[in-house]
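Worksheet for the structure shown next.
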Amino acid sequence: MAQGIDLILVLAMLLNFLVLGSSRLRACIRAVAFQGVLLSILPLLLHQGDLAVHMVALSAGMLALKGVLFPWLLLRTLRDGSMRAEIEPLIGFTASLLVGAVATVVAFVLSSRLPSLPSMTSSLLVPAAMTTLLISLVVLVSRTKALTQVLGYLMLENGIFLFGLTLVQSMPLLVELGVLLDLFAGVFIMGIVIYHISREFDHIDTYHLTTLKG
């Protein structure tokens with residue numbers, strides 16, 4: 003079981019780098035969706051011996067939203083828009099990968115200084131969470147397309163979710179599902195906004211929106 007958990011966490015971290023290194027928005031959407039699917043399995047594996055109903059509900063809700071609904075909304079927005087790739091990021095793709103590598107090293111160093119919980123099944127859980135959080139911030143800062151920034155927020159929530167798995171037994175179900183509900187509302191609204199931006203201005207580049215005058 004521990005090997006399966008470690009494999010999922012390693013794949014989740016590798017998907018972070020796929021988003022950093024790819025200019026194709028469709029590939030980035032699928033990478034973040036696959037990351038969400040992988041992470042939705044973790045609560046079931048981490049607490050396999052003492053599986054509670056709220057953990058199953060959390061996994062099912064995350065799988066439905068991040069693995070199915072969010073990718074569908076974002077792919078539909080991409081199809082209705084005019085852009086297919088992140089052409090001019092503020093930080094180039096090679097430089098982004100280097101920054102991501104540094105962020106990963108920093109995450110492992112910082113996590114090694116934190117006290118480990120006795121109930122923690124995998125030693126990669128906290129490093130993977132910190133890596134995902136840091137790389138999501140790189141995506142938010144370095145990318146100019148609104149759609150890519152939505153993906154950055156989804157990655158940020160994935161990192162928060164990984165941190166929450168260390169405390170999942172003490173977190174109320176309503177809080178966990180409330181976070182997913184807020185995320186759903188945010189992605190839905192941002193999808194509508196991106197669609198209207200693309201229709202009015204023929205692009206979804208947030209950098210150019212700073213030149214708009216009231």
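With the numbering used here, letter number 113 in the sequence shown gets 115, and the count goes up by one each step, no holes.
Cβ atoms here follow ideal geometry from the backbone N, Cα and C, with glycine treated the same way.
A contact is defined here as three or more CB-CB pairs under 8 Å, and the region 101-118 fails this definition with respect to the region 69-78. Buried is the label assigned to arginine 145, since at least 16 other Cβ atoms lie within 10 Å of its Cβ. Taking C-beta separations shorter than 6 Å and ignoring five residues to either side along the sequence, the partners of glycine 38 in its chain run Lys68, Gly69, following chain order.
The alpha carbon of tyrosine 155 has as its nearest neighbour, out of Val140, Pro129, Leu126, the alpha carbon of Val140.
Your pair alanine 130 and methionine 15 checks out as a contact, with CB atoms roughly 5 Å apart and the cut at 8 Å.
Here arginine 145 carries a coil assignment [DSSP, helix/strand/coil]. Assigned with DSSP and collapsed to three states, arginine 115 falls in coil, not helix or strand. In chain order, Phe19, Leu22, Gly23 place their CB closer than 8 Å to the CB of leucine 99, counting only its own chain and leaving out the 5 sequence neighbours on each side. Under DSSP, alanine 87 shares a beta bridge with Arg26. The alpha helix (DSSP H) runs lying completely inside the region 44-76 and spanning 4 residues or more are 55-66, given in chain order. Here glycine 94 carries a coil assignment [DSSP, helix/strand/coil].
Contact annotation: leucine 60 and proline 45 have beta-carbon atoms nearer than 8 Å. In the three-state DSSP reduction, threonine 79 falls in the helix class (H, G or I). The Cβ atoms of arginine 26 and alanine 87 sit closer than 8 Å to each other.
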